[in-house]
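To start, the structure itself, in structure tokens.
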Amino acid sequence: MLARSRFILVLVVGALLAVLSFSLQYLHLIPTNPVAEQRSLGKSRKRVNPVLHTDPPAPDPIRDTHQYCNYPNLTEHGWEGHSPADYRLLSVQVMIRHGDRFPLYSIPKTKKPAIDCTLSEKRKPSHPLLASFISHMALGGRGHWDASLGSLPRLPNHSTCEIGELTQT
1 MLARSRFILV LVVGALLAVL SFSLQYLHLI PTNPVAEQRS LGKSRKRVNP VLHTDPPAPD
61 PIRDTHQYCN YPNLTEHGWE GHSPADYRLL SVQVMIRHGD RFPLYSIPKT KKPAIDCTLS
121 EKRKPSHPLL ASFISHMALG GRGHWDASLG SLPRLPNHST CEIGELTQT
């Protein structure tokens with residue numbers, strides 16, 4: 001019971017301070033700006049930053065792509081070979097982030113954008129290993145897949161994107 005009464009006391013004091021602060025500031029019971037007579041007639045110390053009229057750098061799509069993308073042939077080194085002896089690798093999961101994301105939400109009474117979500121090595125830009133990736137994923141029956149994933153397609157197989165789906169380019 002003591003903790004509850006302390007909490008109520010703190011709550012009441014906080015509310016009282018909030019009301020007092022509001023009344024002092026917004027009902028102008030205390031001045032918030034200096035009075036005109038008290039201001040010095042000296043020079044204003046306001047700093048004026050010059051506006052530089054330089055053109056922005058020209059967009060470089062290749063440089064932007066290098067900053068945005070993680071290339072599959074660029075390897076990240078970690079703790080390879082440093083796992084305990086009794087550990088055994090059970091699976092490897094590869095996540096590939098490619099292209100643009102189809103909108104996550106639809107706006108009522110608007111048409112879905114016509115964006116093609118199928119993977120094709122003929123569509124440019126394309127990675128040189130995309131054709132082998134598509135053919136490897138087509139051999140899905142030979143791999144070790146979890147039974148619950150058996151009914152799902154390995155690759156996007158429809159031309160219209162679903163909500164939140166990624167595109168190739």
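Residue 148 in full-length UniProt numbering sits at position 148 of the sequence shown; the count goes up by one each step and never skips.
Every residue gets a Cβ at the ideal spot worked out from N, C-alpha and C, and that includes glycine.
Just so we're clear, the structure is a prediction, and the values are computed from it rather than from any experiment.
| query | result |
| --- | --- |
| What are the boundary residues of the alpha helix (DSSP H) that Ala18 is part of? | 2-26 |
| Leu24 to Leu16, Cα distance in whole Å? | 12 angstroms |
| Mind checking which residues open and close the alpha helix (DSSP H) that includes Ser135? | 130-138 |
| Using 8 angstroms as the threshold, is the C-beta distance between Leu130 and Leu119 below it? | yes |
| To the nearest angstrom, how far is it from the Cα of Val92 to the Cα of Ser106? | 34 angstroms |
| According to DSSP, Leu166 sits in a beta bridge with which residue or residues? | Arg101 |
| Would Phe102 and Thr167 be called neighbours here (beta carbons separated by less than 8 angstroms)? | yes |
| Since Gly164 contacts Leu104 with CB under 8 angstroms, what's their CB separation in whole angstroms? | 5 angstroms |
| By how many angstroms is the C-alpha of Leu9 removed from the C-alpha of Ala18? | 14 angstroms |
| Using DSSP with H/G/I as helix, E/B as strand and the rest coil, what is Thr65? | helix |
| Quick one: what's Asp116 bridged to in DSSP? | Thr160 |
| Assign Ala58 to one of three DSSP states: helix, strand, or coil. | coil |
| Between Ala58, Pro113, Asp146, Met95, which lies nearest to Ser159 when the distance is taken from Cα to Cα? | Pro113 |
| Hey, Met137 and Arg123 are a contact pair by Cβ (cut 8 angstroms); roughly how many whole angstroms apart? | Actually they do not touch by this definition, with Cβ atoms about 16 angstroms apart. |
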